[in-house]
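K.L.:
Just so you know, the sequence shown maps onto residues 7 to 360 in the working numbering.
This is the structure I have questions about; it appears just below.
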Amino acid sequence: MAQQDQVNNLLHSHDVEKVFSMPGTFIQSTQQNIPLNKTFNHVPEFVQGDKSIIPKLVGSLRSVGRVYNPVPKVIQQYTTSVSRCFNLIACSDGSFWINDYNVQQVMRVNSSGKVMQVISNFNIEVEDISLMSNEELMLCIKKSPVVKVIAVGSTEIKDSRYNVSPLWAISVHVTHDNKVMIGVKDTAQAFPASGPRQIKVMDQSGKQEQVFEYDNNSQPLFTVPARIDSNKANIVCVLDWISEDADGRIVVLNKEGILVNVYTGHPKINSDMPFGPYDILSSPSDNFLIVEPKTHYLHILNSHGNLLTFYNLKQMGIKLPCSISCLGDLFIGSATFIDSEEKAKVYKVDNFVW
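As structure tokens, this is what we get:
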């Protein structure tokens, strides 16, 4: 029988014994009688090859001039017209959105010179802001259940489709896949918590998809979820204030709202000064950056909420870091001390690899 016929019979056979006995015939049919030379005219000698060509074939390692983790440094600073950059968002056209909660001002500014010039100004008390993919600005107005929106180039504040009534919207974040996360609280005083403190996840139509409120032990995840961010892996990082002094912690969740970790500062920084985070940002490397004005430090966490490193920003000339943004470059917004006549500054930071 031809070998092809044997293969076809094997593929269509239901006889187990035949299937397992057939391979032996293949082995026999593929054996060839190759003549064996038992006589040699000389003994062969090994000749070593040219090892110098190996790097050319597979490549090699070499030293590079740049350091993997260079020290970040301030390369430019801009003076604002406010006392505190409570929020800072860098826009694609080089402008910034700045929110100073204390003086009830939200403004769009131009960074073309050393002093930022105001493009548009809104006198309104805002808890948090976030930028949508089309660069419309979302705003959480104090004691309001409806997230507001300012269209690009507009001077009018309108209601968005995102409504968390009967609760108040206190923080907002737009994810990489255009979901909207809103931090909410009840209408009672912030501390101590006496009602719902949640993160609501909504689609672009304003329909609620998820609610993050409790951990696996049915304990509340948040006291005051003041800031929200997420990375490309859909890990959610929430800046949670736990006291009126803005002492806080970082609550890390997976995309289902399951608690991953809680970060409460580092002993070298926060042994005498309780951890007081003010803003949070996901980096292009999917790490999380947290600024802490009370200690002038920048904390860097990985996606699991574990500390990678920290920087003393005061040593770089940045005091009271309150906000942070990134669009190609890293920008840090600062505040001024009480009764100071100085204005807050925005710092552009170079050599940042995290």
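In this text, a Cβ means the ideal position worked out from N, Cα and C, and glycines have one as well.
Fair warning: this is a prediction, and the values are worked out from it, not measured in the lab.
Alpha carbons only, please: which of Pro76, Gln82, Asn357 is nearest the one belonging to Lys351?
P.N.:
Start at 1 with the first residue of the sequence shown, and residue 351 comes out as number 345. For Lys351, the nearest C-alpha among the options comes from Gln82.
K.L.:
Name the residue from Gln204, Leu145, Thr181, Ile256 whose alpha carbon lies nearest to the alpha carbon of Pro172.
P.N.:
Here the question's residue 172 lines up with position 166 in the sequence shown. Checking every option, the nearest Cα to that of Pro172 belongs to Gln204.
K.L.:
What three-state label does DSSP hand Ile275 in the structure shown?
P.N.:
Residue numbering aside, residue 275 sits at position 269 when the sequence shown is read from its first letter. It is helical.
K.L.:
Going by Cα to Cα distance, which pick from Ser118, Leu137, His302, Leu287 is closest to Gly311?
P.N.:
For the purposes of this step, residue 311 is taken as residue 305 along the sequence shown, with counting starting at 1. When only C-alpha atoms are compared, the closest one is Leu287.
K.L.:
Just tell me which of Leu304, Phe294, Asp292 has its CA closest to the CA of Asn276.
P.N.:
Working through the sequence shown from its first residue, we reach residue 276 at position 270. Ranking the options by Cα distance to Asn276, first place goes to Leu304.
K.L.:
Are Pro327 and Pro299 touching if we call contact CB-CB under 7 Å?
P.N.:
Working through the sequence shown from its first residue, we reach residue 327 at position 321. Working through the sequence shown from its first residue, we reach residue 299 at position 293. Going by C-beta atoms, Pro327 is nearer than 7 Å to Pro299.
K.L.:
Count the other CB atoms, across all protein chains shown, that sit within 10 Å of the CB of Leu245; report buried if there are 16 or more and exposed otherwise.
P.N.:
Position 239 of the sequence shown, counting from 1, holds the residue named residue 245. That one is buried.
K.L.:
So Ile338 packs on Ile344, CB below 8 Å; how close in whole Å?
P.N.:
Within the sequence shown, numbered from 1, the residue matching residue 338 stands at position 332. Within the sequence shown, numbered from 1, the residue matching residue 344 stands at position 338. The Cβ separation is near 20 Å, so there is no contact.
K.L.:
Does DSSP put Gln214 in a helix, in a strand, or in coil?
P.N.:
On the sequence shown, position 208 is the one that residue 214 refers to. Assignment of Gln214 by DSSP, reduced to helix, strand and coil, places it in the strand class.
K.L.:
Whose C-alpha, out of Gln216, Asn318, Asp251, is nearest the C-alpha of Lys274?
P.N.:
Indexing the sequence shown from 1 puts residue 274 at position 268. Comparing Cα-Cα distances from Lys274 to each of Gln216, Asn318, Asp251, the minimum goes to Asn318.
K.L.:
Going along the chain, which residues of its own chain have a beta-carbon closer than 6 Å to the beta-carbon of Gly189, five neighbours each way excluded?
P.N.:
Along the sequence shown, read from residue 1 onward, the residue named residue 189 stands at position 183. Excluding positions up to five away in sequence, the list reads Ile176, Ser177, Ile205, Pro231, Ile234.
K.L.:
Based on the DSSP output, what are the partners of Leu145 in its beta bridges?
P.N.:
In the sequence shown, counting from the first residue as 1, residue 145 sits at position 139. For Leu145, which the question treats as bridged, DSSP gives the partners Ile135, Lys154.
K.L.:
Among the residues of its own chain, which have a CB less than 6 Å from the CB of Ala252, if the five just before and after it don't count?
P.N.:
Numbered from its first residue, the sequence shown carries residue 252 at position 246. Once the five neighbours on either side are set aside, the close Cβ partners of Ala252 are Gly282.
K.L.:
Tell me the DSSP bridge mates of Thr315?
P.N.:
Taking the first residue of the sequence shown as position 1, residue 315 is located at position 309. Partner(s): Ile306.
K.L.:
If you draw a straight line from the alpha carbon of Lys325 to that of Thr86, how long is it in whole angstroms?
P.N.:
On the sequence shown, residue 325 is found 319 positions in, with the first residue counted as 1. On the sequence shown, residue 86 is found 80 positions in, with the first residue counted as 1. Answer to the nearest angstrom: the Cα atoms are 15 Å apart.
K.L.:
For my contact list, Ser166 and Val158 are in at a C-beta cut-off of 8 Å; report their separation, rounded to the angstrom.
P.N.:
Against the sequence shown, residue 166 aligns to sequence position 160. Against the sequence shown, residue 158 aligns to sequence position 152. Not quite, the Cβ-Cβ distance comes to about 14 Å (not below 8 Å), so this is no contact.
K.L.:
Would you tell me roughly how many angstroms separate the C-alpha atoms of Cys332 and Gln54, rounded to the nearest one?
P.N.:
For this step, residue 332 is matched to residue 326 along the sequence shown. For this step, residue 54 is matched to residue 48 along the sequence shown. Computed Cα separation, rounded: 56 Å.
K.L.:
Going by alpha carbons, who is nearest to Ser224 out of Asp134, Gly263, Phe197?
P.N.:
Locating residue 224 in the sequence shown gives position 218, counting from the first residue. If we check each option's Cα against that of Ser224, Gly263 comes out closest.
K.L.:
Can you name the start and end residues of the beta strand (DSSP E) that Asp356 belongs to?
P.N.:
Counting from 1 along the sequence shown, the entry for residue 356 is found at position 350. Asp356 -> beta strand (DSSP E) spans 351 to 356.
K.L.:
Between which residues of its own chain and Glu348 is the CB-CB distance below 7 Å, once the five residues before and five after are set aside?
P.N.:
Numbered from its first residue, the sequence shown carries residue 348 at position 342. Once the five neighbours on either side are set aside, the close Cβ partners of Glu348 are Thr342.
K.L.:
My output table needs one value for Gln204: the three-state DSSP class, helix, strand or coil.
P.N.:
Residue 204 sits at position 198 when you count from the first residue of the sequence shown. Gln204 falls in the strand class under three-state DSSP.
K.L.:
Can you tell me which of the three DSSP states Lys164 falls into?
P.N.:
In the sequence shown, the residue the question calls residue 164 occupies position 158. In this structure, Lys164 counts as strand in the three-state DSSP scheme.
K.L.:
Report the CB separation of Ser139 from Val180 in whole angstroms; it is logged as a contact under 8 Å.
P.N.:
For this step, residue 139 is matched to residue 133 along the sequence shown. For this step, residue 180 is matched to residue 174 along the sequence shown. The pair is a contact, with the Cβ atoms about 7 Å apart (cut-off 8 Å).
K.L.:
When you compare each of Ser346, Lys354, Val109 to Gly334 by their alpha carbons, which one comes out closest?
P.N.:
Numbered from 1 along the sequence shown, position 328 holds the residue referred to as residue 334. Of the listed residues, the one whose Cα sits closest to Gly334 is Lys354.
K.L.:
If you run the structure through DSSP and keep just helix, strand and coil, what is Gln83?
P.N.:
For the purposes of this step, residue 83 is taken as the residue at position 77 of the sequence shown. Strand.
K.L.:
Enumerated in chain order, which unbroken segments of the beta strand (DSSP E) with a length of 3 residues or greater are wholly contained in the segment 209 to 257?
P.N.:
214 to 218, 230 to 236, 242 to 247
K.L.:
Could you tell me the boundaries of the beta strand (DSSP E) in which Asn108 lies?
P.N.:
Reading the sequence shown from its first residue, position 102 is the one you call residue 108. Looking at the DSSP string, Asn108 is not in any beta strand (DSSP E), and its letter there is neither H nor E.
K.L.:
In this structure, does DSSP put Gln54 in helix, strand or coil?
P.N.:
Your numbering for residue 54 matches position 48 in the sequence shown. Gln54: coil per DSSP, three-state reduction.
K.L.:
So, are the CB atoms of Trp103 and Arg114 less than 7 Å apart?
P.N.:
For the purposes of this step, residue 103 is taken as the residue at position 97 of the sequence shown. For the purposes of this step, residue 114 is taken as the residue at position 108 of the sequence shown. Against a cut-off of 7 Å, the Cβ pair of Arg114 and Trp103 comes out as a contact.
K.L.:
Please report how far the alpha carbon of Val88 lies from the alpha carbon of Val121, in whole angstroms.
P.N.:
Walking along the sequence shown from the start, residue 88 turns up at place 82. Walking along the sequence shown from the start, residue 121 turns up at place 115. Cα to Cα, the separation comes out at about 12 Å.
K.L.:
Among Gly100, Lys149, Pro151, Ile163, which one has its Cα closest to the Cα of Val129?
P.N.:
On the sequence shown, position 123 is the one that residue 129 refers to. The sequence given here has Asn at residue 129, not Val. Measuring from the Cα of Asn129, the nearest candidate turns out to be Ile163.
K.L.:
With a threshold of 6 Å on Cβ separation, who are the neighbours of Ile33 within its own chain once the five nearest residues in sequence on each side are excluded?
P.N.:
Within the sequence shown, the letter at position 27 stands for residue 33. Confidence is the limiting factor: at Ile33 the pLDDT is only 45, short of 50, which leaves the residue's position unreliable, though a coordinate-based value still follows. So the list is empty, once near-sequence residues are dropped.
K.L.:
Whole angstroms are fine: how far does the CA of Pro76 sit from the CA of Val359?
P.N.:
Locating residue 359 in the sequence shown gives position 353, where the first residue counts as 1. Locating residue 76 in the sequence shown gives position 70, where the first residue counts as 1. Put simply, the backbone Cα of Val359 is about 8 Å away from that of Pro76.
K.L.:
When you compare each of Phe294, Tyr107, Ile135, Gln123 to Ile241 by their alpha carbons, which one comes out closest?
P.N.:
Here the question's residue 241 lines up with position 235 in the sequence shown. Looking at the Cα atoms, Phe294 is the closest of the given residues.
K.L.:
Give me the Cα-Cα distance between Tyr84 and Asn222, rounded to the nearest whole angstrom.
P.N.:
For this step, residue 84 is matched to residue 78 along the sequence shown. For this step, residue 222 is matched to residue 216 along the sequence shown. Each residue's alpha carbon lies about 45 Å from the other.
K.L.:
Identify which residue in Ile248, Gln110, Pro202, Gly119 has its Cα closest to the Cα of Asp134.
P.N.:
Position 128 of the sequence shown holds residue 134. Measuring from the Cα of Asp134, the nearest candidate turns out to be Gln110.
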